[in-house]
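**Q**
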Amino acid sequence: MCYAIPGKVHSINGNIVIVDYFGQKKRAINELKTLAIGDYVYAQGGYVIQKLETAQAQDILATWQDMFSLLNEVDKEKFSLSQSTVTNDLNLRRILDQALVSNQLKNEDSLYLINLANQADTELFLKTANFLRQKYHQNACCVHGIIEISNYCKRNCYYCGISTHNQNLKRYRMNKEEIILAVYEAIKVYGFKAILLQSGEDVGYSINELADIIEEIKRKYDVLILISFGEIGYEGLKDLFKAGARGLLMRFETSNEKLYSDLHPGYILKNRIAQIKQAYQLGYFIITGGLIGLPGQTKQDIINDILLAKELKADMYSFGPFLPHANTPLGKEPIVKEIDILKTLALIRLLADQEAKILVTTALETLDFKAREKALLAGASSLMINLTPLDYRKFYSIYPNRAHERENLKIQVESVIQLLKSLGRIPIDLGI
Ligand code: 5AD
148 MCYAIPGKVH SINGNIVIVD YFGQKKRAIN ELKTLAIGDY VYAQGGYVIQ KLETAQAQDI
208 LATWQDMFSL LNEVDKEKFS LSQSTVTNDL NLRRILDQAL VSNQLKNEDS LYLINLANQA
268 DTELFLKTAN FLRQKYHQNA CCVHGIIEIS NYCKRNCYYC GISTHNQNLK RYRMNKEEII
328 LAVYEAIKVY GFKAILLQSG EDVGYSINEL ADIIEEIKRK YDVLILISFG EIGYEGLKDL
388 FKAGARGLLM RFETSNEKLY SDLHPGYILK NRIAQIKQAY QLGYFIITGG LIGLPGQTKQ
448 DIINDILLAK ELKADMYSFG PFLPHANTPL GKEPIVKEID ILKTLALIRL LADQEAKILV
508 TTALETLDFK AREKALLAGA SSLMINLTPL DYRKFYSIYP NRAHERENLK IQVESVIQLL
568 KSLGRIPIDL GI
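In the working numbering, the protein residues as written are 148 to 579.
1. Give, in chain order, every unbroken run of the beta strand (DSSP E) that is at least 3 residues long and sits entirely within the stretch 400-482.
2. Quick check: the stretch 419-436 against the stretch 266-283, are there 3 or more CB pairs under 8 angstroms?
3. Would you kindly check if the distance between the Cβ of Leu566 and the Cβ of Arg519 is under 9 angstroms?
4. What does the Cβ neighbour count give for Glu220, buried or exposed, with the cut at 16 atoms within 10 Å?
5. Kindly indicate which residue of Ile423, Ser402, Leu344, Arg398 has the alpha-carbon position closest to the one of Gly391.
6. For Ala421, which residues in the same chain have their Cβ closer than 6 angstroms to its Cβ, ignoring the five residues on either side in sequence?
7. Can we say the stretch 381-390 touches the stretch 331-339, given the rule of at least three CB pairs closer than 8 angstroms?
8. Could you check how far apart the C-beta atoms of Met321 and Tyr543 are, in whole angstroms? I think they sit under 8 angstroms.
9. Under 8 angstroms from any heavy atom of the ligand 5AD, does the C-beta of Gly443 make it?
10. Gln354 by DSSP, collapsed to three states: which one?
11. Output yes or no for whether 9 angstroms exceeds the beta carbon distance between Ser465 and Arg398.
12. What residue range does the alpha helix (DSSP H) around Glu561 cover?
13. Using C-beta distances below 8 angstroms, list every residue in its chain close to Ala183, excluding the 5 sequence neighbours before and after it, in chain order.
14. Does DSSP put Asn238 in a helix, in a strand, or in coil?
15. To the nearest angstrom, how far is it from the Cα of Leu514 to the Cα of Tyr546?
16. Beta carbon of Ala510: closer than 8 angstroms to some heavy atom of the ligand 5AD?
17. How many Å lie between Pro481 and Ile261 at the Cα?
18. On a CA-only basis, which of Tyr319, Lys301, Lys223 is nearest Gln281? Give me that one, please.
19. Would you kindly report the start and end of the unbroken alpha helix (DSSP H) that includes Tyr543?
20. For Ala246 and Lys317, I'd like the C-alpha separation in whole angstroms.
21. Ile326 and Ile364 - do their beta-carbons sit closer together than 9 angstroms?
22. Would you kindly report the start and end of the unbroken beta strand (DSSP E) that includes Ala175?
23. Hey, Ile196 and Leu429 are a contact pair by Cβ (cut 8 angstroms); roughly how many whole angstroms apart?
24. Identify which residue in His312, Tyr427, Leu410 has its Cα closest to the Cα of Gly443.
25. List the endpoints of the continuous alpha helix (DSSP H) containing Glu324.
26. Flag this pair as touching only if the stretch 500-511 and the stretch 462-477 have three or more C-beta atom pairs under 8 angstroms; answer yes or no.
27. Could you check the C-alpha separation between Arg240 and Thr508 for me, to the nearest Å?
28. According to DSSP, is Cys149 part of a helix, a strand, or is it coil?
29. Please classify Thr311: is it buried, with 16 or more other beta-carbons within 10 angstroms of its beta-carbon, or exposed?
30. Consult DSSP for Ala209 and reduce its assignment to one of helix, strand or coil.
31. Excluding sequence positions up to five away, which residues of its chain have a Cβ less than 8 angstroms from the Cβ of Lys301?
32. In whole angstroms, what is the alpha-carbon distance linking Lys541 and Gly170?
33. Using DSSP with H/G/I as helix, E/B as strand and the rest coil, what is Leu396?
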């Protein structure tokens with residue numbers, strides 16, 4: 148099984164290559180030493196990560212070719228904006244017509260969409276987002292793996308179950324061998340091409356140790372490594388980029404400065420944003436976003452969050468619900484409605500750059516086990532599978548009852564493949 152489709156190198160200009168996938172041309176950065184026009188490659192997150200033997204690539208492509216058109220048909224049925232979805236709301240029609248041709252909406256129009264209450268109109272809005280997802284991404288869905296390598300964290304985030312507020316949590320830190328073993332299984336048994344390493348802000352690992360782990364993975368495997376270790380500073384980002392990391396997941400959590408300071412005493416939003424910008428400058432693929440449903444957060448804040456992620460050049464948007472955790476100061480706050488998250492994802496699809504991917508977060512899946520499907524039909528285009536060993540996974544309790552907490556890798560992979568098939572999607576990453 149494979150989580151990427153090989154592409155054929157169409158042209159090379161310095162370290163920029165154009166890769167052809169069934170006639171679609173995508174741009175990627177090449178760091179392989181020997182690459183020629185006509186070679187077959189895997190690209191992930193905008194980087195060429197592996198060259199394949201021609202015969203092997205042609206075999207894989209032949210299998211996909213038939214599947215590709217079959218799945219496209221299934222997808223087409225789901226994204227078509229059919230007659231049944233017309234609306235009498237003239238303002239909504241005007242806004243959606245505009246969204247189909249431009250990703251610049253007036254603030255009042257974004258507010259109108261996010262405040263929609265009528266069920267049929269909301270469905271039309273979500274369907275329009277799915278239509279745009281298909282237009283820009285066809286039926287591609289990227290599937291990344293995540294390994295939560297440590298739940299130690301020195302930060303005091305008011306909402307987070309692995310923060311210093313939670314004194315009742317067993318803490319764990321995976322060692323290098325355990326991490327490499329989890330990476331090995333994901334790559335060799337299940338064909339993952341992109342893996343995210345995540346932890347709390349854990350002072351127990353030095354940057355050198357993290358760099359050593361990343362270097363070892365890159366030495367052994369052709370894989371895109373993404374990191375999410377919190378605010379490790381410019382030097383840390385630089386050292387881990389040098390070690391081979393190419394993607395950064397760092398949410399700014401909220402674009403509202405006051406709310407940010409209230410929820411993270413002693414920390415300021417500006418510093419976090421500065422690090423995301425530095426990572427972009429260093430060449431990292433950027434995954435960022437925020438929490439929806441925080442106490443005191445307004446609909447305008449959510450729109451500002453989306454625009455901030457866009458300004459930060461998010462390659463992938465990560466927005467999910469805030470879920471109260473009993474052992475934190477926000478433990479008794481109410482839970483946001485699922486539809487509010489779906490509307491946020493749809494609005495992201497309308498406002499984001501065409502190439503941007505939108506993640507279905509595990510927190511959303513925790514709200515509703517059908518949420519993955521609903522989000523993929525509301526503009527989302529990307530999933531993560533949890534690769535953390537089961538013995539540790541239950542302790543990475545950023546919020547309670549996380550989805551997939553007890554599912555082994557085989558079960559998770561099978562259910563993702565089955566879901567994607569039913570929606571006519573293919574688990575691939577066509578590069579940028
Ligand atoms: N609910 C939902 N998401 C949470 N996170 C932390 N705590 C919670 C919670 N209670 C998210 C934060 C962080 C990511 C690792 O987990 O957005 O960036």
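The C-beta atom is built at its ideal place from N, Cα and C for all residues, glycine as well.
**A** Taking the geometry as given:
1. 432-435
2. no
3. yes
4. exposed
5. Leu344
6. none
7. no
8. About 11 angstroms; that fails the 8 angstroms criterion.
9. no
10. Here residue 354 is Ile; the residue named in the question, Gln, does not match the sequence. Helix at Ile354.
11. yes
12. 556-570
13. Val156, Ile159
14. helix
15. 11 angstroms
16. yes
17. 19 angstroms
18. Lys223
19. Per DSSP, Tyr543 belongs to no alpha helix (DSSP H) and is neither H nor E.
20. 48 angstroms
21. yes
22. 171-177
23. The pair is not a contact, with the Cβ atoms about 18 angstroms apart (cut-off 8 angstroms).
24. Leu410
25. 323-331
26. yes
27. 29 angstroms
28. At Cys149 the pLDDT is 43, less than 50, meaning the model places this residue with poor confidence and gives no usable figure here.
29. exposed
30. helix
31. Thr311, Gly347, Glu348, Asp349, Val350
32. 44 angstroms
33. strand
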